[in-house]
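Here the structure is laid out as C-alpha cells; the discussion comes afterwards.
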Amino acid sequence: MNNLDHRIKEYFKAPAPKRKEEFINSLAPSEISFARFVISQAGYIRKLTWILFSLVIVGITAVPFIIDSSVIWFVSGLMPLLALLMVSEGNRSMRHKMAEIESATRFSLRSVLLARMVLMGTVNLVAIVIAIPVSTHFGDYSAVASGLYIVTPFLVAASAGLYIVRVMKGNTALYSVAAVSLFISLFMFLSRDRFASLFIKDAVKYWGLIALLALVAMVKQTAMLIKNTEEITWNW
Amino acid sequence: MLDLQEQYDKIYRYCYFKLYNQELAEDITQETFLKYLEHYEFTSSETTLKYLYTIARNLCIDEYRKQKPVSTEDIAEMPYEDNIIDNLSIKAAISKLSEEDRELLLLRYANDVGIGAMAAIYNISRFAVRRKILAARKRLEEELRKEDAYE
Amino acid sequence: MELVIDRLSKQYGAKIAVDRISVKLNKGVYGLLGANGAGKSTLMRMICGILKPTGGTVTFDGIDSDKEAFRAILGYLPQDFGYYPEFSAKDFLLYIAALKAIPKKEAKKRVAELLELVGLSDVANKKIKTFSGGMKQRLGIAQALLNRPKLLVLDEPTAGLDPKERVRFRNLLGSIGKDCIVILSTHIVSDVEHLSDEVMIMKDGSFIFQGKWNDSEMSLEDFYLSQFEEDEDHE
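Chains as they are written, first to last, in numbering that gives the first Met the number 0: chain A, 0 to 235; chain B, 0 to 150; chain C, 0 to 234.
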C-alpha cells in the first residue's frame, strides 16, 4: 500500500510556485531605523528629568536678574546636576530590572544606553551653550574661563558618575553618584570666596587640562558601559 | 505561529489541483495567507489548517464561478515531467475520481494533513475522515485496476 | 530550522557553570530540567547571546548568537524581570516592540493581538504594578512573542501561574512549538512532562540526559529525584 501512497503523492506534484520568496519577504514587516529608535527613546525619558532640566535652564537664565554678583558660581554649581540627570537616565534599565529583556532584543541594551546618552548629552550641550554666554556676560571672567568653569564640573561629575554605575550595583550606585555630584556642586557654589587662587588667570590652563582629561574619561566610560552590557546586568 | 515556507507550497498545491492554472493558484494562495494573517494568526495548530484550507477552498470556488469548470480531459492532459508507465495509469485513474475524492487524497497524501486537522476542515468526526479516505482509496484502486486492464 | 550548540562553556574563575554542552535542536518544545544553581539560567543566557561564553558557540541556521540577525528571531523571557514604574501593560509591550524594531503601526496591532492571546486585554491600560505575579508572567510571555520568534527561550515560565493560567500556557506552547524551537527551563518535573516533547536534564553544568524520556523503566520524576539523593549521600 506504501507504493500507492507514494504514487498518489507523485501525482500531486505541482509546478513550482514563482512568487513565493517575494510574497514571504513582503510580509516581513519593515524595521525601524536606528535614528527612529533613538527618537522613540526620547519619549521614554522621565518627566521628572525634563522638569529638573527646565528648572536648571530657568535658573541659568533668571539668576543674573536676581543676584548682583557674578553668576558663574551658581551656574557652574548646577552643572553636576545635569550630569546626574544624564547618568540617572542611562542607569534606568538596570535599576528597574529591564536590562535582561532589553539585552535580548534586536537593538539590544547597548542601543538603549547609547540612545539615552546621546539624547541627554545633546540636551545638556544645549544647556551648556546657553550657560556660557550668560555667565560671561554677567560675570567677571573671559568667555574661555567661564566656559571652562562651567564645563569642567559637568565633565568631572559625568565621568565619575558613569564609572560608579558601572562598578557599583543597584540603587546604592545612584546614591553615590548623587553624593559625588552634590559635592562638586557645593565646591563650585562655595569656592568663590574660599579658593580665590583657583580662579586667577594663570590657573585657567589647569582647568583646561582637567576638563580635557574628564572629557576623555567620560567618553571612555560611556564606551565601556555600552560595550560591556553584561557587566552591568548585575544579578548574573 | 505559521510556518509560512512550508504551508505556502501546500496551499499552492491545493489550489493548483483545483484551478489547474499556475498564476491563478499562486494569486489565490497569497490571498489566502493575507486573509488568514489578518484574522486568524494565533489559532492552535489544527484550527490553523482548518482556516487556511477553508479560506483557500472558498476563494477557489469564487474563481470557478468566474470561469468555466475544468473538464476531465483537461486534467488528464496536464503535463508532467516523468513519463514512467506507473504515472500514466495513475494520472488516468485519479482524473476519473470525483473532485471530493481527489481533494481528500491530496490533503492526506500530498500535503500530509493530519486526521484531526482534516476532521476540523470537513467538520466531521475523525472516524468519518478515516472512512472517507479509505473509500477514496478503494475507488482509486478500482480505477487503477480498470486502467491496468487496458494494457 | 536548527539551533546548534557546540561545546558551550561558561567558567567563572575556578567554578564551571556550564561544561561543554553540545546539542542540536529542531522544531519542537524542549524542557530543560535541573535544580536551581545547576547552570540552567547561565545556559539560557548564552543561548540568547546575552552572556558571553568562555568556550563554544551557539548558532541558529548558521547565524551566530552575538549577531543582530540572531536577536531578530529570538524571543526571551528571563526568570526575573522588572518594568519601568509607570508602565501599563500596553506601554510595556509597545516599548519592547520598539526595541525589537517593529514599526509603530504594526506594533499597535501586534500588541493588541498578544494581549488578547495571553488574556490581558481587559487590563491593557492598567499599570503593571497592580498586576498579580501570574499576570506579570503572562505579560512577559507576550513580550517574548512580539517579533514572531523562531527561537523562544523561556526561563521558568510557569513560575507564579495558577492552574488555569498553566493550562492556557500549555495550549499556547502546543501551537507555537509546531513551528519554532522552544526551550523552557524549570525545576518542576511535571511541567516538563506536560509541556515538552524532549527533555534535557542538567546537573552541575552538563546534561546527564537528553532526548525523549522513556517511562517504561523509570518515571522521569523518580530518575530526577534519584539524582538529588546521590548529592545528599555525598554530603
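Built from N, CA and C at the ideal position, the CB exists for glycine as well.
All values derive from a computational prediction rather than experimental measurement.
Does the CB of residue i have a neighbour CB from chain C at under 8 Å?
i: residue 102(A); result: yes
i: residue 31(A); result: yes
i: residue 2(B); result: yes
i: residue 165(A); result: no
i: residue 25(A); result: no
i: residue 186(A); result: no
i: residue 20(A); result: no
i: residue 99(A); result: yes
i: residue 111(A); result: yes
i: residue 115(A); result: no
Does the beta-carbon of residue i have 16 or more other beta-carbons within 10 angstroms, so that it is buried, or is it exposed?
i: residue 224(C); result: exposed
i: residue 148(C); result: buried
i: residue 161(C); result: exposed
i: residue 46(A); result: exposed
i: residue 221(A); result: buried
i: residue 122(B); result: exposed
i: residue 68(C); result: exposed
i: residue 1(C); result: exposed
i: residue 212(C); result: buried
i: residue 50(A); result: exposed
i: residue 44(C); result: buried
Tell me, please, whether the CB atom of residue i is closer than 8 Å to any CB atom in chain A?
i: residue 52(B); result: no
i: residue 144(B); result: no
i: residue 89(B); result: yes
i: residue 50(C); result: yes
i: residue 127(C); result: no
i: residue 12(B); result: yes
i: residue 34(C); result: no
i: residue 7(B); result: yes
i: residue 93(B); result: yes
i: residue 95(C); result: yes
i: residue 126(B); result: no
i: residue 55(B); result: no
i: residue 98(C); result: yes
i: residue 148(B); result: no
i: residue 30(B); result: no
i: residue 25(B); result: yes
i: residue 21(B); result: yes
i: residue 15(B); result: yes
Indicate the three-state DSSP secondary structure (helix, strand or coil) for residue i in the structure shown.
i: residue 233(A); result: Because the pLDDT of residue 233(A) is 47, which lies under 50, any placement of that residue in the model is unreliable, and the number read from its coordinates should be weighed accordingly. It is coil, neither helix nor strand.
i: residue 20(A); result: helix
i: residue 217(A); result: helix
i: residue 95(C); result: helix
i: residue 153(B); result: The question about residue 153(B) has no answer, for chain B in this structure spans 0 to 150.
i: residue 28(C); result: strand
i: residue 158(A); result: helix
i: residue 65(A); result: coil
i: residue 237(C); result: Here chain C comprises residues numbered 0 to 234, so residue 237(C) is not present and cannot be evaluated.
i: residue 37(C); result: coil
i: residue 204(C); result: coil
i: residue 316(C); result: The shown model of chain C, from 0 to 234, leaves out residue 316(C), and the question about it has no answer.
i: residue 81(B); result: Because the pLDDT at residue 81(B) is just 48, under 50, the model does not fix this residue reliably, and the point stays unresolved.
i: residue 114(C); result: helix
i: residue 8(C); result: strand
i: residue 144(B); result: helix
i: residue 62(C); result: strand
Under 8 Å, Cβ to Cβ, is there at least one residue of chain B near residue i?
i: residue 252(A); result: No answer is possible for residue 252(A): the residues shown for chain A start at 0 and end at 235.
i: residue 13(A); result: yes
i: residue 174(A); result: no
i: residue 16(A); result: yes
* To do: May I ask you to list, following chain order, the residues of the stretch 85-96 of chain A that have a beta carbon less than 8 Å from some beta carbon of chain C?
  => Listed by position along the chain: 91, 95, 96.
* What residues in the stretch 58-84 of chain C have a beta carbon less than 9 Å from any beta carbon of chain B? -> Taking 9 Å as the Cβ-Cβ cut-off, the stretch 58-84 of chain C has no residue approaching chain B.
* If contact means a Cβ-Cβ distance below 7 Å, which residues of the stretch 140-152 of chain C contact chain A? -> Answer set for the stretch 140-152 of chain C: 142.
* Along the stretch 178-189 of chain C, what residues have a CB closer than 8 Å to any CB found in chain B? -> Within the stretch 178-189 of chain C, the qualifying residues are 178, 179.
* Please confirm if the stretch 148-155 of chain A is in contact with the stretch 210-217 of chain A, defined as three or more CB-CB distances below 8 Å between the two stretches. => Enough Cβ pairs lie closer than 8 Å, so yes.
* To do: Could you tell me whether the stretch 122-135 of chain B touches the stretch 12-30 of chain A, where touching means 3 or more Cβ pairs closer than 8 Å?
  => No contact exists between the stretch 122-135 of chain B and the stretch 12-30 of chain A.
* To do: With 7 Å as the C-beta to C-beta threshold (strictly closer), list the residues of the stretch 101-116 of chain C near chain A in chain order.
  => Here the close residues are 101, 102, 105.
* To do: Would you list, in chain order, the members of the stretch 32-43 of chain A that have their beta-carbon closer than 7 Å to a beta-carbon of chain C?
  => Listed by position, the residues of the stretch 32-43 of chain A near chain C (Cβ gap below 7 Å) are 36, 39, 43.
* Is the stretch 58-76 of chain A touching the stretch 182-191 of chain A, taking contact as three or more C-beta pairs under 8 Å? -> Cβ pair count under 8 Å is three or more, so yes.
* Contact residues within the stretch 104-116 of chain B, judged by C-beta distance below 7 Å to chain A -> For the stretch 104-116 of chain B, the set of residues with a beta-carbon nearer than 7 Å to any beta-carbon of chain A comprises 104, 105, 108, 109, in chain order.
* Counting pairs of beta carbons, one from the stretch 173-183 of chain A and one from the stretch 58-67 of chain A, are three or more of them closer than 8 Å? -> In the pairwise beta carbon analysis, the stretch 173-183 of chain A is classified as not touching the stretch 58-67 of chain A: fewer than three pairs are separated by under 8 Å.
* Cβ-based contacts, 9 Å cut-off: residues of the stretch 130-145 of chain A near chain C -> The stretch 130-145 of chain A vs chain C, Cβ under 9 Å: nothing.
* Asked: Can at least three beta-carbon pairs, one atom from the stretch 94-110 of chain A and one from the stretch 128-146 of chain A, be found at a separation below 8 Å?
  -> Per the Cβ contact rule, the stretch 94-110 of chain A is not in contact with the stretch 128-146 of chain A (fewer than 3 Cβ pairs under 8 Å).
* Would the stretch 10-20 of chain C and the stretch 100-111 of chain B be scored as touching if the rule is three or more Cβ pairs under 8 Å? -> Output reads no: the stretch 100-111 of chain B does not touch the stretch 10-20 of chain C.
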